[in-house]
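Numbering (this note's numbering), first residue to last: 2 to 51.
Note that beta-carbon positions come from the ideal geometry of N, C-alpha and C, so glycine has one too.
Here's the structure, in structure tokens; my notes come after.
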């Protein structure tokens with residue numbers, strides 16, 4: 002389930018996303034799953050701002 006919606010993130014937002022992914026991986030989630038989850042959350046936040 003790939004969504005190619007492009008997001009424009011600031012450096013700070015990118016850093017926060019990386020940190021969240023790292024936290025999820027440390028909690029035992031697979032890298033791919035963590036990336037997909039964070040990307041989904043970012044897309045949802047972005048769509049609410051429109």
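First through last residue of the alpha helix (DSSP H) which encompasses residue i
i, result
"residue 16", "12 to 27"
"residue 1", "Absent from the structure is residue 1, since the part of the chain shown begins at 2 and ends at 51."
Beta-carbon proximity of residue i to residue j, cut-off 8 Å
i, j, result
"residue 8", "residue 25", "no"
Residues near residue i by beta carbon distance below 7 Å, same chain, minus five either side
i, result
"residue 16", "none"
Close Cβ partners of residue i (< 6 Å) along its chain, the five nearest in sequence each way excluded
i, result
"residue 18", "39"
"residue 13", "none"
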